[in-house]
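Asks: Residue numbers (the numbering used here), protein chains in the order written: chain A, 18 to 435; chain B, 18 to 435.
2 protein chains.
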Amino acid sequence: MDHKEGHLQIEATAASAGGGITRIERRLLQQLIEVCNHPPLTIRLWTGEEIHGRPGEPSIARVTLRDRGTFFRMLLNPELYTGDDYSSGRFEIEGDLVGFLDLVYRGLDGLPETSMKARFLRWMNRPRSNTLAGSKRNIHHHYDLGNDFYKLWLDTARMQYTCAYYARPDMTIEQAQIAKLDHVARKLQVKPGDVVYEAGCGWGGLARHFAKHHGVAKVRAFNISEEQVKFAREQAKREGLDDRVEYVLDDYRNMSGSCDVFVSVGMLEHVGVNNYPGLGDVINRVLKPHGRGLIHSIGRNKAAPMNAWIEKRIFPGAYPATLAEMMRILEGNQFSVLDVENLRLHYAKTLFAWRERYEDHIDEVRRMYDEEFVRMWRLYLAGSEAAFLSGALQLFQIVFARPTDNTVPFTREHLYRT
Amino acid sequence: MDHKEGHLQIEATAASAGGGITRIERRLLQQLIEVCNHPPLTIRLWTGEEIHGRPGEPSIARVTLRDRGTFFRMLLNPELYTGDDYSSGRFEIEGDLVGFLDLVYRGLDGLPETSMKARFLRWMNRPRSNTLAGSKRNIHHHYDLGNDFYKLWLDTARMQYTCAYYARPDMTIEQAQIAKLDHVARKLQVKPGDVVYEAGCGWGGLARHFAKHHGVAKVRAFNISEEQVKFAREQAKREGLDDRVEYVLDDYRNMSGSCDVFVSVGMLEHVGVNNYPGLGDVINRVLKPHGRGLIHSIGRNKAAPMNAWIEKRIFPGAYPATLAEMMRILEGNQFSVLDVENLRLHYAKTLFAWRERYEDHIDEVRRMYDEEFVRMWRLYLAGSEAAFLSGALQLFQIVFARPTDNTVPFTREHLYRT
Numbered sequence: 018m019d020h021k022e023g024h025l026q027i028e029a030t031a032a033s034a035g036g037g038i039t040r041i042e043r044r045l046l047q048q049l050i051e052v053c054n055h056p057p058l059t060i061r062l063w064t065g066e067e068i069h070g071r072p073g074e075p076s077i078a079r080v081t082l083r084d085r086g087t088f089f090r091m092l093l094n095p096e097l098y099t100g101d102d103y104s105s106g107r108f109e110i111e112g113d114l115v116g117f118l119d120l121v122y123r124g125l126d127g128l129p130e131t132s133m134k135a136r137f138l139r140w141m142n143r144p145r146s147n148t149l150a151g152s153k154r155n156i157h158h159h160y161d162l163g164n165d166f167y168k169l170w171l172d173t174a175r176m177q178y179t180c181a182y183y184a185r186p187d188m189t190i191e192q193a194q195i196a197k198l199d200h201v202a203r204k205l206q207v208k209p210g211d212v213v214y215e216a217g218c219g220w221g222g223l224a225r226h227f228a229k230h231h232g233v234a235k236v237r238a239f240n241i242s243e244e245q246v247k248f249a250r251e252q253a254k255r256e257g258l259d260d261r262v263e264y265v266l267d268d269y270r271n272m273s274g275s276c277d278v279f280v281s282v283g284m285l286e287h288v289g290v291n292n293y294p295g296l297g298d299v300i301n302r303v304l305k306p307h308g309r310g311l312i313h314s315i316g317r318n319k320a321a322p323m324n325a326w327i328e329k330r331i332f333p334g335a336y337p338a339t340l341a342e343m344m345r346i347l348e349g350n351q352f353s354v355l356d357v358e359n360l361r362l363h364y365a366k367t368l369f370a371w372r373e374r375y376e377d378h379i380d381e382v383r384r385m386y387d388e389e390f391v392r393m394w395r396l397y398l399a400g401s402e403a404a405f406l407s408g409a410l411q412l413f414q415i416v417f418a419r420p421t422d423n424t425v426p427f428t429r430e431h432l433y434r435t
Numbered sequence: 018m019d020h021k022e023g024h025l026q027i028e029a030t031a032a033s034a035g036g037g038i039t040r041i042e043r044r045l046l047q048q049l050i051e052v053c054n055h056p057p058l059t060i061r062l063w064t065g066e067e068i069h070g071r072p073g074e075p076s077i078a079r080v081t082l083r084d085r086g087t088f089f090r091m092l093l094n095p096e097l098y099t100g101d102d103y104s105s106g107r108f109e110i111e112g113d114l115v116g117f118l119d120l121v122y123r124g125l126d127g128l129p130e131t132s133m134k135a136r137f138l139r140w141m142n143r144p145r146s147n148t149l150a151g152s153k154r155n156i157h158h159h160y161d162l163g164n165d166f167y168k169l170w171l172d173t174a175r176m177q178y179t180c181a182y183y184a185r186p187d188m189t190i191e192q193a194q195i196a197k198l199d200h201v202a203r204k205l206q207v208k209p210g211d212v213v214y215e216a217g218c219g220w221g222g223l224a225r226h227f228a229k230h231h232g233v234a235k236v237r238a239f240n241i242s243e244e245q246v247k248f249a250r251e252q253a254k255r256e257g258l259d260d261r262v263e264y265v266l267d268d269y270r271n272m273s274g275s276c277d278v279f280v281s282v283g284m285l286e287h288v289g290v291n292n293y294p295g296l297g298d299v300i301n302r303v304l305k306p307h308g309r310g311l312i313h314s315i316g317r318n319k320a321a322p323m324n325a326w327i328e329k330r331i332f333p334g335a336y337p338a339t340l341a342e343m344m345r346i347l348e349g350n351q352f353s354v355l356d357v358e359n360l361r362l363h364y365a366k367t368l369f370a371w372r373e374r375y376e377d378h379i380d381e382v383r384r385m386y387d388e389e390f391v392r393m394w395r396l397y398l399a400g401s402e403a404a405f406l407s408g409a410l411q412l413f414q415i416v417f418a419r420p421t422d423n424t425v426p427f428t429r430e431h432l433y434r435t
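Have a look at this one:
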């Protein structure tokens, strides 16, 4: 209800600012449509006029610009301002939201990388630094939103806020998240008695799962989000696992001691490429001679900054790296890459499941936050799904070991044994 | 017989050059032993004196320096000259040859990368250029040695001169080479009717196997080695496959038309990092929208030049790249990496099988070439096995597809279905 009223208010403002569209505005709009390869969209202007991006073909969505400011902000920095204007309701998308965003991602990928505009955008959108203090601030922004919020739409099994693994296409999100943890455990050859170090543990689901189902002696799981660690500790106590699972409210850079297994699922996005060799040094310091390591992270086919709006509003300091960039973690210490798997389509499926559940609980979200937040989060979930569907983002699982370790498995057949 | 006589001649030369060992020579030898971490070796000097690298422990091999020139050449450039001196018989290794070379590789890896010496060696040992003419010259050096020679010790099934895949540890080299071709075919989802382009086809075994057992419509296999192409064409005719297999005596850079599958097994080592973006452009030019690609190549954990002796005497122009370097092939055209597998230990096992067969046919090799060649090839096979065992070399299989192709398989389970 608030939502509708909000829109009406904006329309009134737009009308009072003078409704017409000038000749220069019309020319700019035509140029935008051309640059975007005539998208199959209906564009509704603040004047009420509707323009078809690809005349004669059906539209997949209707896009409404509620005032001329929205239009100019879109020209200035489409990535950043269109996200904000969608959140505030100045920019509306009716119809296939993911399909629309998929078009946007494919369009952005088509821009020449070396253009001055692309370079300037890269500079503008450089991620924030991940110093020890910077990381804490950045992580707090996202992960300390409140456990109750994430509980509404993440899986109920292990509250995993990372890509699931759909071993079979008909799995539920709960089954796929458990399958992910087991897939990771098999890749790491986790066995009874192992000591596991985890860098960035979310709500601690992996640690508890490894302790309960893979018989590890100890998991030391690091995280700098207070809310998450509090939840994880309580949950471990409830499950009677607190003798084997230790949640450490500290930065991964402060890891000490030694482990059989190093695992990091969905933390690398927040590390920053400059800190990759340092992460490698940490792993080199703690991993035993026959230890196994796995890094699971969002990535890219080609180096590019994080989507500006996501970096600003959702994930400050985040950056999805290319495989070549990720190698900076391992090359300095000569770790040997054993296996890389790309789970891009699994993340699209995971995000679809999250968004479906998010919309099912939309009234509860509205009670927690304002309409702007509701719309922002919807755009973030839909946009991320579109990014994985369009190939703008990838999901890499990298398995590695010491270079001289000849006890590594000969084949990967053990991963698929039933 | 010639072999023994050759040694006697050298010993006589050494004796006539004066037999004693000076104080400075002894000090240099002690320093060398220290730098090499006191290897468990017995070192026999041209004077007849024996020195133990690690006193009190059993030696894994006895190393003989037949004259002082061998000793000084070893100090000057151990990688290059020790190989040559082993070939000529001036440097002898009795005992565990692979074990000795494994020690050498682990020792070399320990040298600091940034030392002036390392930098100078890198410059000295830079690989030769792979221009169109350069490639032809380099490839001729190795692959046109004569098909009869390679037939003596490669597998009799498909004459594969690349890493086999031991799906089960008890496989013969014949079974493992067929298993490799089937593993590659499954990774590429090769299906009846497909058009396959192969860059660097050796004696054409993959092309004939794909045509015979995977029902492809056409394989166009490129190779610039005349001897190999001649053999491949004759063999295809004998097997009645010449309607579906076309061997093209040309550089991969001249590929045109379009294909469903791009495959390259064991060619990248000869491409040169500077030419990687160009290789990516070739693939981008020929691969259909739903096409699949696979590159199989020797690699490294960390960038380093090819072993100087191997580059000079065995494989001119060769270079084993890191995964990050290999990404230069794919990133420019935004190909999406789906899967990377490291088959390092499979190559050690392959090389063991080749060397065993080589030694079984040593009398036939002696009839074809001189003793220097016999020893050179033994050192090359043993040294390569040691390099894979010690982790100095890796073997990567990289599967990739177009970034927007959402028809790629969800999991890799199909690779391991029986």
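The C-beta atom is built at its ideal place from N, Cα and C for all residues, glycine as well.
Buried or exposed, going by whether 16 or more other CB atoms sit within 10 Å of the CB of A:Leu-92?
Replies: Exposed.
Asks: Shorter than 7 Å from the beta carbon of B:Glu-348 to some beta carbon of chain A?
Replies: By this cut-off, B:Glu-348 is an interface position.
Asks: Who pairs with B:Asn-359 in a beta bridge, going by DSSP?
Replies: In the DSSP output, where bridge partners are listed per residue, B:Asn-359 has B:Phe-413.
Asks: Would you call B:Arg-372 buried or exposed, if buried means 16 or more other Cβ atoms sit within 10 Å of its Cβ?
Replies: It counts as buried.
Asks: So which residues on chain B does A:Asn-359 lean against when the C-beta distance must stay under 8 Å?
Replies: Result: Ser-353, Val-354, Leu-355 and Asp-356.
Asks: Can you tell me whether A:Tyr-275 is buried or exposed? The criterion is at least 16 other CB atoms within 10 Å of its CB, across all chains shown.
Replies: As written in the sequence, residue 275 of chain A is Ser, which differs from the Tyr given in the question. Label assigned to A:Ser-275: exposed.
Asks: Pick helix, strand or coil for A:Glu-402, following the three-state DSSP scheme.
Replies: Three-state DSSP puts A:Glu-402 in a helix.
Asks: Give me, in chain order, the residues of the same chain whose beta-carbon lies closer than 6 Å to that of B:Ala-184; leave out the 5 immediate sequence neighbours on both sides.
Replies: Ala-196.
Asks: Go ahead and label B:Glu-402 buried or exposed: buried means 16 or more other beta carbons lie within 10 angstroms of its beta carbon, across all protein chains shown.
Replies: By the 10 Å Cβ count, B:Glu-402 comes out buried.
Asks: Pull up the distance between the alpha-carbon of B:Arg-175 and that of B:Arg-361, whole angstroms please.
Replies: Cα to Cα, B:Arg-175 sits roughly 21 Å from B:Arg-361.
Asks: Would you mind working out which of B:Glu-109, B:Asp-101, B:Pro-186 and B:Thr-421 sits nearest B:Pro-306, comparing C-alpha positions?
Replies: Per the Cα distances, B:Thr-421.
Asks: From B:Gln-48 to B:Gly-37, what does the alpha carbon distance come to, in whole angstroms?
Replies: Taking the straight line from one Cα to the other gives about 19 Å.
Asks: Only counting runs of 4 or more residues, tell me where the alpha helix (DSSP H) segments fall wholly within the region 288-338 of chain B, in order along the chain.
Replies: Taking only runs of at least 4 residues, the alpha helix (DSSP H) segments lying wholly in the region 288-338 of chain B are 293-303.
Asks: Listing by chain order, which chain B residues have their CB less than 8 Å from the CB of A:Ala-184?
Replies: Simply Thr-428 and Glu-430.
Asks: Quick one: give me the first and last residue of the beta strand (DSSP E) that B:Arg-107 is part of.
Replies: No beta strand (DSSP E) holds B:Arg-107; DSSP gives it neither H nor E.
Asks: Got a sec? Which residues, its chain only, sit under 6 Å from B:Phe-279 by beta carbon, not counting five neighbours each side?
Replies: If we look at B:Phe-279 and ignore the five residues flanking it on each side, its Cβ neighbours are Tyr-214, Ile-300, Leu-304 and Gly-310.
Asks: Taking Cβ positions, are A:Arg-269 and A:Ala-238 nearer each other than 7 Å?
Replies: Correcting the residue identity first, residue 269 of chain A is Tyr in this sequence and not Arg. It is not a contact, given that the beta carbons lie outside the stated cut-off.
Asks: So which residues of chain A does B:Arg-408 contact, with C-beta pairs closer than 9 Å?
Replies: As written in the sequence, residue 408 of chain B is Gly, which differs from the Arg given in the question. Those within 9 Å of B:Gly-408 in chain A are Gln-351, Ser-353, Arg-419, Pro-420, Thr-421, Asp-422 and Asn-423.
Asks: Alpha carbon to alpha carbon, how far is B:Ala-320 from B:Leu-223? Give it in angstroms, no decimals.
Replies: The alpha-carbon atoms of B:Leu-223 and B:Ala-320 are separated by roughly 29 Å.
Asks: How far does the beta strand (DSSP E) with A:Tyr-237 in it extend, from its first residue to its last?
Replies: Note that residue 237 of chain A is Arg in the sequence shown here, rather than Tyr. That run of the beta strand (DSSP E) goes 235-240.
Asks: Rounded to whole angstroms, what is the Cα-Cα separation between A:Cys-218 and B:Thr-339?
Replies: Cα to Cα, A:Cys-218 sits roughly 30 Å from B:Thr-339.
Asks: Buried or exposed: where does B:Ala-234 fall if 16 or more other Cβ atoms within 10 Å of its Cβ makes it buried?
Replies: Counting Cβ neighbours within 10 Å, B:Ala-234 comes out exposed, since fewer than 16 surround it.
Asks: Can you list, in chain order, the residues of the region 290-305 of chain B whose Cβ is nearer than 9 Å to any Cβ on chain A?
Replies: Here the close residues number zero.
Asks: Would the beta-carbon of B:Thr-59 fall within 7 Å of that of B:His-69?
Replies: Yes.
Asks: Between the alpha carbons of B:Glu-348 and B:Asp-380, how many angstroms are there, rounded?
Replies: Rounded to the nearest angstrom, the two C-alpha atoms are 49 Å apart.
Asks: Going along chain A, which residues have a C-beta under 7 Å from B:Asn-318?
Replies: Within chain A, the residues near B:Asn-318 are Glu-348, Gln-351, Phe-352, Ser-353 and Pro-420.
Asks: Figure out for me which residue from B:Phe-88, B:Arg-83, B:Gly-257 and B:Leu-355 has the closest Cα to the Cα of B:Gly-65.
Replies: Cα-wise, what sits closest to B:Gly-65 is B:Arg-83.
Asks: Can you give me the C-alpha to C-alpha distance between A:Ala-249 and A:Trp-220, rounded to a whole angstrom?
Replies: In a straight line, the C-alpha of A:Ala-249 is about 5 Å away from that of A:Trp-220.
Asks: For chain A, check one thing: does any of its Cβ atoms lie closer than 7 Å to the Cβ of B:Tyr-364?
Replies: No, its Cβ sits nowhere closer than 7 Å to a Cβ of chain A.
Asks: At a Cβ cut of 7 Å, what residues of the region 389-415 of chain A count as close to chain B, listed as they run along the chain?
Replies: If the cut-off is 7 Å between Cβ atoms, the region 389-415 of chain A has Leu-406, Ser-407, Gly-408 and Gln-411 near chain B.
Asks: Check the Cβ of A:Thr-339 against every Cβ in chain B and list those closer than 8 Å, keeping chain order.
Replies: Simply Met-344 and Glu-348.
Asks: Among A:Ser-314, A:Ala-335, A:Trp-63 and A:Asn-324, which one has its Cα closest to the Cα of A:Val-201?
Replies: When each option's Cα is compared against that of A:Val-201, the closest is A:Ser-314.
Asks: With 7 Å as the C-beta to C-beta threshold (strictly closer), list the residues of the region 366-389 of chain B near chain E in chain order.
Replies: Absent here is chain E; the protein component of the structure consists of chains A and B.
Asks: For A:Ile-77, is the classification buried or exposed, using 16 other Cβ atoms within 10 angstroms of its Cβ as the cut-off for buried?
Replies: A:Ile-77 should be labelled buried.
Asks: Who are the Cβ neighbours of A:Leu-432 in its own chain at under 6 Å, not counting the five residues just before and after it?
Replies: Arg-203.
Asks: Ignoring anything shorter than 4 residues or poking outside the region 179-222 of chain A, list the alpha helix (DSSP H) runs there in chain order.
Replies: Listed in chain order, the complete alpha helix (DSSP H) runs (minimum 4 residues) inside the region 179-222 of chain A are 190-204.
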